[in-house]
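The block underneath contains the structure these notes are about, expressed in structure tokens.
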DNA sequence: ACTAATTTGTTTATTGCCATGACGAATAGA
DNA sequence: TCTATTCGTCATGGCAATAAACAAATTAGT
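Chains as they are written, first to last, in the numbering used here: chain A, 1 to 403; chain B, 1001 to 1403.
If you want it as structure tokens, here you go:
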């Protein structure tokens, strides 16, 4: 995922701590505590985070006023004493809009502060054969419609993020290269209706990983998320944050060498994982010809039917994955390896060989096979992640909304 | 480096921001600004970090009082206006004590706040053939002597860290396994004189990486540091912090697969890097027999003499390194790869093949050969890092000294 | 040489935020 | 009904930074 970070690591002089910063941080602390631990009374929040009830009251007042929290009825605790009043994330407050462009579809989704999807659209669209401008125009309409629907639900969109299946420029404003769309050097903001604010761009695989982090079930704050998009990409989440690498090229799992003398790869090297487990390689080995509208579905169909070359190709891909992931496990030691994107649906046929290989190769340390699992979100991950990016930002820093 | 973190990631509810915390953070901000940018006046610090001069004055007063900063004479700026008074890190303030146990030596060093080594001892000692208790007793004496010397220089030791060439237990109080020392399940604190405070333990390779981060010349806050100690270890520094992985097993470069069907490794897998570039493998391929006191020196001697099998073995090791590092580069995308420890001295013979291999294999992204470089610190790295760990902690949170 | 301009460091008043402790409110149990 | 307990709020105080004014020390200009 060669996507450089738009804001380089601010390693130099940090910003000073001020009283406003302190307020800001405590607002975030209260909000994220409620987000993490369901409905909670002021006193419960205070006890949990270490602030006084008075301080929490003041912070909660501000969050209520901003429409980020709602106060429910008194909740009977069963114990003696005055019952507290339940505080929960507002389901009609700020929301995030996620957008997605695929080769054959457009997607839009709106999530509320709780992370619940409230609007969901996925419409077929033959984007490869149309100019980018037209595609983006249609996407903007879908975005506008979704925004209207959100408004009708009482939600206000605080930010929009477009999941891009390709490589972004260092400033995150250009799609350098998205072969599946036929885009090269496209700047979406230029083709966006002037009346609407253009969405922020982020790599699809990265968003899938973040969705997995935030709503993937098993909590794991250090994970590797694998997806097929432009080649094979692994997005790395480290300590709960997306890790892009020093130059933005971290997670190039597709070009990890599997067999040093293997077939030559399009990148120029030999024996890259992509030559064994990449979409093109698997399709060819499975004997799938021509261009299917949904090549993955074609593979799944054949695998279900027990088509021998397909099963063999998937097993071979799984083995190669296992070898490449051995490197990833030995180097990064993630708490979870998630098979996302198209690989989610192929997991039943990929996982056995991957698990066998990993179990045989990862020996210097205890290896739990459950570390490797298919995504719970599957293809919905990137779109969901795009929408969640905004709401997560609000939760980690609510003050951004009013100053 | 299977060393679990003693303090797990505090992902849950963080601590609230208080006014004391604000003070604490700003003290650290001022101190680290002075540390990073040489002598600076109060006004210069204020301008740089964004605090008012008044606030900086108050913070500086506290740091002067604590003996962390010294005020120099007025420094003529050449420009109009009253000249500022230079503030610099105190060279007679808090200091860090680093300790080291190797198979054939003991080491101790003291660094001042500026990171300058002020006391340095490296004494030969045949530690493999002696019981751990005796070794640690001698080390404690060396530590006490070093502390006395530091005291004579006006330094006060604020913490001691022991660099261990092996695997630590999860609580970082036990040496689970240090084959080069013949230690298994040793708890150094139990053998330490009761009168002295036992040192904290940290893995030698990790400390080498930190030393490289803090005093390695080219600044790079995301780096891979390779060293040979127990097998081949890569310590990962990510965003300026040591990355241990979810379970503490990150950086097991030695067991990254190089040839899937290669020779069986001691770990049970096949074709691990260690089978090509590990100390034992290289020594055998070079035809070095018996147990040298310093096997690396033996290799360097033969390589200098042009001994063909040695040169071939080193080239082969370099190639294998190149392949394994291709995985590391593609996955982690570090700003620097540093050849540390014993490999520093072998760098002249390893680097060419490594560079060739990396240049040929890393193709999906721009690859700068200068990313790979030998350590400037070499074998001194771990000991220096052990001492620096304490002073760096003081600089990043000076308030720890008085509350 | 003297004044003006400029920059530094300190002093004083003000603001903002949280802690402390007291109080009314609301519930369970006796 | 009374008491114990817990919840949320209010008034007060302390602390740390900001803002603004002042004194000190230097350069530049005439």
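Quick reminder that beta carbons are idealized off the backbone N, C-alpha and C, glycines included.
C-beta contact flag for residue 191 of chain A and residue 133 of chain A at 8 Å: For the purposes of this step, residue 191 of chain A is taken as the residue at position 191 of the first chain. For the purposes of this step, residue 133 of chain A is taken as the residue at position 133 of the first chain. Closer than 8 Å, so yes.
CB contact below 8 Å: residue 1039 of chain B versus chain A: By one-based count along the second chain, residue 1039 of chain B stands at place 39. Judged by the 8 Å Cβ criterion, residue 1039 of chain B is not in contact with chain A.
Beta-carbon contacts of residue 113 of chain A that lie in its chain and below 8 Å, excluding the five residues immediately before and after: In the first chain, residue 113 of chain A corresponds to position 113, counting from 1. Correct list, in chain order: 35, 68, 89, 90, 91, 93, 94, 95, 391, 394 and 395.
Residue-level contact to chain B via CB, residue 354 of chain A, 8 Å cutoff: Position 354 of the first chain, counting from 1, holds the residue named residue 354 of chain A. No - not a single Cβ of chain B is within 8 Å of the one on residue 354 of chain A.
Integer Cβ distance of residue 339 of chain A from residue 226 of chain A, believed to fall under 8 Å: By one-based count along the first chain, residue 339 of chain A stands at place 339. By one-based count along the first chain, residue 226 of chain A stands at place 226. Right, the Cβ-Cβ distance comes to about 6 Å (below 8 Å), so this counts as a contact.
Inter-residue Cα distance where the pair is residue 1145 of chain B and residue 1105 of chain B: The residue you call residue 1145 of chain B lines up with position 145 of the second chain. The residue you call residue 1105 of chain B lines up with position 105 of the second chain. Taking the straight line from one Cα to the other gives about 16 Å.
Between the CA atoms of residue 160 of chain A and residue 304 of chain A - distance to the nearest angstrom: Residue 304 of chain A sits at position 304 when you count from the first residue of the first chain. Residue 160 of chain A sits at position 160 when you count from the first residue of the first chain. Cα to Cα, the separation comes out at about 38 Å.
Between the CA atoms of residue 1172 of chain B and residue 1103 of chain B - distance to the nearest angstrom: The count along the second chain starts at 1 and reaches residue 1103 of chain B at position 103. The count along the second chain starts at 1 and reaches residue 1172 of chain B at position 172. So the alpha carbons of these two residues sit roughly 21 Å apart.
Neighbour list for residue 419 of chain A in chain B, Cβ cutoff strictly below 7 Å: Only positions 1 to 403 of chain A appear in the structure, and residue 419 of chain A is not among them; the question remains open.
Any chain B beta carbon closer than 8 Å to residue 275 of chain A: Residue mapping note: residue 275 of chain A aligns to position 275 of the first chain, counting from 1. No, because no Cβ of chain B sits closer than 8 Å to the Cβ of residue 275 of chain A.
Residue 1197 of chain B beta carbon near the ligand PLP (any heavy atom closer than 7 Å): The ligand PLP is absent from the structure shown, which contains no ligands of any kind.
Min CB distance residue 1318 of chain B to chain A below 8 Å: What you label residue 1318 of chain B is simply residue 318 of the second chain in a count that begins at 1. Answer no: the Cβ-Cβ gap between residue 1318 of chain B and chain A never drops below 8 Å.
Element boundaries [beta strand (DSSP E), containing residue 201 of chain A]: Reading the first chain from its first residue, position 201 is the one you call residue 201 of chain A. Looking at the DSSP string, the run of the beta strand (DSSP E) that includes residue 201 of chain A is 200-203.
Beta-carbon separation (whole angstroms), residue 269 of chain A vs residue 1363 of chain B, contact threshold 8 Å: Start at 1 with the first residue of the first chain, and residue 269 of chain A comes out as number 269. Start at 1 with the first residue of the second chain, and residue 1363 of chain B comes out as number 363. Going by Cβ atoms, the distance from residue 269 of chain A to residue 1363 of chain B rounds to 5 Å, so yes, they are a contact pair.
Meets three-Cβ-pair contact criterion under 8 Å: the stretch 347-363 of chain A and the stretch 317-329 of chain A: yes
Rounded C-alpha distance that separates residue 1076 of chain B from residue 1292 of chain B: Numbered from 1 along the second chain, position 76 holds the residue referred to as residue 1076 of chain B. Numbered from 1 along the second chain, position 292 holds the residue referred to as residue 1292 of chain B. Residue 1076 of chain B and residue 1292 of chain B: Cα-Cα distance of roughly 58 Å.
Cβ neighbour criterion (16 or more within 10 Å) applied to residue 126 of chain A: Counted from its first residue, the first chain places residue 126 of chain A at position 126. Exposed is the call here.
Burial state of residue 1123 of chain B, where buried means 16 or more other Cβ atoms lie within 10 Å: Residue numbering aside, residue 1123 of chain B sits at position 123 when the second chain is read from its first letter. Residue 1123 of chain B comes out exposed.
Chain B contacts made by the stretch 360-394 of chain A, where a contact means CB separation under 8 Å: 360, 361, 362, 363, 364, 365 and 366
Any chain B beta carbon closer than 8 Å to residue 268 of chain A: For the purposes of this step, residue 268 of chain A is taken as residue 268 along the first chain, with counting starting at 1. Yes, its Cβ sits closer than 8 Å to a Cβ of chain B.
Beta carbon proximity, residue 252 of chain A to chain B, threshold 8 Å: Within the first chain, residue 252 of chain A is the residue found at index 252, counting from 1. So, interface residue.
Same chain, Cβ closer than 8 Å to residue 1006 of chain B, five either side skipped, listed in chain order: Numbered from its first residue, the second chain carries residue 1006 of chain B at position 6. With a pLDDT of 34 at residue 1006 of chain B, under the threshold of 50, the predicted position of this residue should be treated as unreliable, though the coordinate-derived value follows. Closer than 8 Å at Cβ, skipping near neighbours: 1170, 1171 and 1172.
Under 8 Å by beta carbon: chain A residues contacting residue 1260 of chain B: Taking the second chain and counting its residues from 1, the one referred to as residue 1260 of chain B is at position 260. Under the 8 Å cutoff, chain A gives 258, 259 and 323.
For residue 1404 of chain B, the three-state DSSP class (helix, strand or coil): Because residue 1404 of chain B is not part of the residues shown, which for chain B are 1001 to 1403, the question remains open.
Inter-residue spacing [alpha-carbon to alpha-carbon] between residue 1275 of chain B and residue 223 of chain A: In the second chain, counting from the first residue as 1, residue 1275 of chain B sits at position 275. In the first chain, counting from the first residue as 1, residue 223 of chain A sits at position 223. When rounded, the distance between both Cα atoms is 28 Å.
Neighbour flag for residue 1249 of chain B against chain A, beta carbons, 8 Å: Your numbering for residue 1249 of chain B matches position 249 in the second chain. Output row for residue 1249 of chain B: interface = yes.
Simplified DSSP assignment, three categories, for residue 1088 of chain B: Against the second chain, residue 1088 of chain B aligns to sequence position 88. If DSSP states are grouped into helix, strand and coil, residue 1088 of chain B belongs with the strands.
Proximal residues, the stretch 1022-1039 of chain B versus chain A, C-beta separation under 7 Å: 1022, 1025, 1026, 1029 and 1033
Spatial neighbours of residue 1419 of chain B in its chain, beta-carbon cut-off 6 Å, leaving aside the 5 residues before and after: A question about residue 1419 of chain B goes unanswered here, because the residues of chain B that appear run from 1001 up to 1403.
Proximal residues of chain B, C-beta to C-beta of residue 337 of chain A below 8 Å: On the first chain, position 337 is the one that residue 337 of chain A refers to. Within 8 Å Cβ-Cβ: nothing; residue 337 of chain A doesn't reach chain B, min ~11 Å.
C-beta neighbour in chain B for residue 15 of chain A, strict 8 Å: Taking the first residue of the first chain as 1, we reach residue 15 of chain A at position 15. Yes - at least one Cβ of chain B is within 8 Å of the one on residue 15 of chain A.
Contact check, residue 115 of chain A vs residue 214 of chain A, beta carbons under 8 Å: As a position in the first chain, residue 115 of chain A is number 115, starting the count at 1. As a position in the first chain, residue 214 of chain A is number 214, starting the count at 1. Closer than 8 Å, so yes.
Option in A/64, A/63 and A/33 with minimal Cα separation from residue 50 of chain A: On the first chain, position 50 is the one that residue 50 of chain A refers to. The shortest Cα separation from residue 50 of chain A among A/64, A/63 and A/33 belongs to A/33.
Closer than 8 Å to chain A by CB, residue 1049 of chain B: The residue labelled residue 1049 of chain B in the question sits at position 49 within the second chain. Residue 1049 of chain B counts as touching chain A.
Min CB distance residue 334 of chain A to chain B below 8 Å: Translated into positions along the first chain, residue 334 of chain A becomes position 334. Chain B, which has a Cβ nearer than 8 Å to the Cβ of residue 334 of chain A, makes this yes.
Exposure label - residue 1348 of chain B; buried when at least 16 CB within 10 Å: Numbered from 1 along the second chain, position 348 holds the residue referred to as residue 1348 of chain B. Counting Cβ neighbours within 10 Å, residue 1348 of chain B comes out exposed, since fewer than 16 surround it.
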